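Below: the structure, in structure tokens.
Numbering (the numbering used here), first residue to last: 6 to 494.
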């Protein structure tokens, strides 16, 4: 039964991709941002499906028991704050810009040849690491519930992901995300109810959990306070610059819809993470007394086996795969758009037709996807730590230049470039030095702000003034158009 449900789900995804292909094959607007036609309901579920990845859903239960509840809580608590930060600081300016990608913003604001190369390259590197962690999650799910060996599950799931993204682009990703987001949220609520019922005496279960896992409260936790602060700060800032999230801002019907969608997704994600923290963690400790926390990423599935029957396990498998697929598909779109739109079309062949750009982007999807599958054959442990490091790199490089570029008129291309490269290099250096987990961003992000501000203060040119004035003019024009459209409604 479980196998039939999951295989049926895969077939539905591919069918949706083929239907979407009829709309996107000749239009970059449709392929990259679904024609900028997505309403609040659609984008709310799509945002939550994109963010609720294999790490935040599947790995969070085992990670809390293995790494300590304070560290796991710091990781997941930052994301809802990040939705609010993105809604306040970047949603309106980016949606008003009316482009496709994160590199589009930096090009429009700073007109820097260096950024046209550096930004897409950083996105491809960080997103690929993120994709590897998601592919590992998909293989764990398939192997646990369907009996497939790790490599077989990895290749089957990976090929399905790449296939429907390359065929239908962002439109097929969005259509799938609506279904995936609703399915995931429903199954998480259902699992929470089933686990709560199975525990019986809830206060006693919590007491037993705290006795069995002293690291859960931080009492025997090896992490420093800097790990907690760094994990929280990473997600509080990363939402504003994550490429697969920003593409959803661009795809919103208008500014108001983008903001409401972000805040709705924040509430939905918060509910799911509360279910994990309050119910699923003590349920795993109580109902699985011999739980193997040396393999924490599979503990969630073992708990599902304990409280669900075959149909429930099949639906949950589809839901977890939905979470992984949604995030992976969004990341593949971020990578393929960086290669096809930002590097190929903008730098190599500006005269390329929309159809040619789409073909190159589809090819890039397969190249990146296959490479990530190969890298995922021998992945590191702790999904949630791996992909948090990937997004911390993006936050360290992009958050300061983006926020200052939007809100501080004196930000120059040289300043933004210095903040971007300095943040990325410092993060990589700190990561290589083996600092406390997730603390690297506490060095790299402030340094990025400092570099952007100091270098901007000492550098200025007519080119910077021209780029800034063009950006501001675009914002004013698009604000007026948005206001007119919303008043008409």
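Each residue gets a CB set at the ideal place from its N, CA and C atoms; glycine is no exception. What you are looking at is a predicted structure, and each value in this text was computed from that prediction instead of being measured.
Does the distance from the C-beta atom of residue i to that of residue j stay below 8 Å?
i, j, result
"residue 289", "residue 217", "no"
"residue 124", "residue 111", "yes"
"residue 311", "residue 292", "yes"
"residue 431", "residue 397", "no"
"residue 143", "residue 326", "yes"
"residue 424", "residue 462", "no"
"residue 370", "residue 167", "yes"
"residue 107", "residue 404", "no"
"residue 186", "residue 382", "no"
"residue 88", "residue 244", "yes"
"residue 241", "residue 86", "yes"
"residue 429", "residue 465", "no"
"residue 188", "residue 323", "yes"
"residue 131", "residue 395", "yes"
"residue 246", "residue 119", "no"
"residue 345", "residue 365", "yes"
"residue 239", "residue 393", "yes"
"residue 160", "residue 378", "yes"
"residue 190", "residue 277", "yes"
"residue 251", "residue 94", "no"
"residue 337", "residue 136", "yes"
"residue 163", "residue 374", "yes"
"residue 280", "residue 146", "no"
What does a CB cutoff of less than 7 Å around residue i pick up in its chain, not counting 5 residues either side in sequence?
i, result
"residue 32", "With a pLDDT of 49 at residue 32, under the threshold of 50, the modelled position of that residue is not reliable, and the figure given next carries that caveat. If we look at residue 32 and ignore the five residues flanking it on each side, its Cβ neighbours are 359."
"residue 233", "75, 76, 79"
"residue 82", "237"
"residue 148", "154, 155, 158"
"residue 492", "Only weak support is given to the placement of residue 492: the predicted model assigns it a pLDDT of 46, under 50, and the question is left unresolved by the model."
"residue 321", "192, 196, 309, 313"
"residue 487", "At residue 487, the pLDDT of 49 sits below 50, so the modelled position is not reliable; the number obtained from the coordinates is stated separately. The answer, listed in chain order, is 101, 259, 260."
"residue 184", "none"
"residue 422", "117, 119, 120"
"residue 380", "137"
Could you pull the start and end residues of the alpha helix (DSSP H) that residue i belongs to?
i, result
"residue 244", "Premise fails: residue 244 is in no alpha helix (DSSP H) and is neither H nor E."
"residue 445", "First-last for residue 445: undefined, no H or E at that position."
"residue 375", "359 to 380"
"residue 287", "286 to 292"
"residue 152", "It is not in any alpha helix (DSSP H) - residue 152 carries neither H nor E in the DSSP assignment."
"residue 348", "Careful: residue 348 lies outside any alpha helix (DSSP H) and carries neither H nor E."
"residue 277", "260 to 280"
"residue 425", "418 to 437"
"residue 310", "304 to 312"
"residue 109", "107 to 115"
"residue 383", "Neither: residue 383 is in no alpha helix (DSSP H) and is coded neither H nor E."
"residue 68", "65 to 72"
"residue 464", "Where residue 464 is concerned, there is no enclosing alpha helix (DSSP H), given that its DSSP letter is neither H nor E."
"residue 510", "Outside the modelled stretch of the chain, which goes from 6 to 494, sits residue 510, for which no answer is possible."
"residue 209", "207 to 217"
"residue 355", "Run containing residue 355: none; DSSP gives neither H nor E here."
"residue 96", "96 to 102"
Ignore the nearest five residues each way along the sequence and tell me which others in residue i's own chain have a CB closer than 6 Å to its CB.
i, result
"residue 97", "260"
"residue 489", "Because residue 489 carries a pLDDT of 45, less than 50, the predicted location of this residue cannot be relied on, and no value is offered for it."
"residue 196", "none"
"residue 265", "45"
"residue 248", "107, 128, 339"
"residue 49", "266, 269, 270"
"residue 419", "460, 464"
Taking 8 Å as the limit between beta carbons, can you name the residues of its chain near residue i, skipping five residues before and five after?
i, result
"residue 435", "444, 445, 448, 449"
"residue 201", "207, 284, 288"
"residue 268", "88, 89, 92"
"residue 399", "127, 128, 131, 243, 246, 247, 248"
"residue 441", "228, 229, 231, 232, 235"
Using a threshold of 7 Å, is the CB atom of residue i nearer than that to any non-hydrogen atom of the ligand MN?
i, result
"residue 248", "Of ligands this structure carries none, so the ligand MN is not represented either."
- request: Let me know the alpha helix (DSSP H) ranges lying completely inside the region 123 to 148, each 4 residues or longer, listed in chain order.
  value: Entirely contained in the region 123 to 148, not one alpha helix (DSSP H) run reaches 4 residues.
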